[in-house]
Amino acid sequence: MRYGICILAAVAVREAPSAKSQMVNQLLFGELITINDTKGDWLLIETVDDRYAGWVCRNEIKKLSDSEFTGLNDSERFYLHTLSAQVRAKDAIIPVFRGSQFHGWEEGTFTVAGESFYYKKAVHKIPAEVGSREVLSVAANYLSVPYLWGGRSPMGIDGAGLVQMAYKMNGIMLPRDAAQQINKGEQVMFVEAAEPADLAFFENKEGVINHVGIILGNNKILHPWGKVRIDTIDHQGIFNKEAGRYTHHLRVVKRMLHH
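Position one of the sequence shown corresponds to residue 3 (the numbering used here), numbered consecutively onward.
The structure is reproduced here in structure tokens:
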């Protein structure tokens, strides 16, 4: 097995080995990957956390030896919660975004494949106990972030990306796509019984899952539609006040947290 790590702010993961191919995912700084195939300048990778596959440009990934990978994968994770920051390396300053991972960070320093990186400000450990407050605290930081298909950063994010980041930064790993996320957790029979941090899934006219959002409580939902925003939800779906209509048709509500 060949391994690698993303040490750039946000790397596009594409459907096919071409810069013209659509972005289906993003790697954030510190995320680990396996390399399964190569094609010219492109690597077919799979994310270690959620096993999501796609193509990345070879020069956007730092390759790791087996022992380097194991050391990073086994070390404690720290997450960047601020919108953006700068990580210093020996001969570079690297911009990074919220959700970046610093493996084994200690007193402002962490090491990747023998190279030292420096970030002196606050980073966050995964909390010992996770409830709705912790999940919503992360999710709320993405308010007004523009919608971007495949996005997982504060520069652009999609519904499943928002859900994944809100839970991942609290130590709960969910799949990358809404159609996969819907298979997790316990079903909530009525939207009126939904609790904060529950996930609401939506379908198109063909019954295909095409959207997901995070329940806030009081009939409100956080989700990206144009941008990450708060709208009203009921048993029919999401009602957009400005548009004066339902924009998303509710399929089911699922609970990921065990109370």
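Idealized CB from N, CA, C, for every residue including glycine.
- For the stretch 84–152, the continuous beta strand (DSSP E) assignments of 3+ residues that do not extend past its boundaries occur at 86–90, 95–99, 103–105, 111–114, 117–120, in sequence order.
- Counting along the chain, Phe71 sits inside the alpha helix (DSSP H) bounded by residues 68–76.
- Around the Cβ of Ala12, a 10 Å sphere holds 16 or more other Cβ atoms; the residue is buried.
- Sequence-distant Cβ neighbours of Ser23 in its own chain, meaning closer than 6 Å and more than five residues away, are Arg16, Glu17.
- If you draw a 10 Å sphere on the C-beta of His260, you find fewer than 16 other C-beta atoms in it, and that means exposed.
- Under DSSP, Thr234 shares a beta bridge with Lys222, Phe241.
- The C-alpha of Val125 is placed about 39 Å away from the C-alpha of Tyr248.
- Rounded to the nearest angstrom, the gap between the Cα atoms of Ile95 and Leu74 is 21 Å.
- According to DSSP, Ser155 shares a beta bridge with Gly158.
- DSSP places Ala55 inside the beta strand (DSSP E), whose first and last residues are 55–59.
- DSSP, reduced to helix, strand and coil, places Lys41 within a strand of the structure shown.
- The beta carbons of Ile35 and Ile9 sit no closer together than 8 Å.
- With 16 or more other CB atoms across the displayed protein chains lying within 10 angstroms of its CB, Pro156 is buried.
- With contact defined as three or more Cβ pairs closer than 8 Å, the stretch 137–156 and the stretch 65–72 are not in contact.
- The stretch 187–198 makes contact with the stretch 229–237: 3 or more CB pairs, one atom from each, lie closer than 8 Å.
- When DSSP reads this structure, His260 sits in no beta bridge, so it has no partner.
- Straight across, the Cα-Cα distance linking Phe104 with Gly246 is about 44 Å.
- Each of Glu48, Arg100, Glu188 was checked against the Cα of Arg154, and the nearest Cα belongs to Arg100.
- Measuring C-alpha to C-alpha distances from Gly187 to each of Phe80, Lys256, Val89 identifies Lys256 as the nearest.
- In this structure, DSSP gives Leu164 a helical state, which the three-state scheme calls helix.
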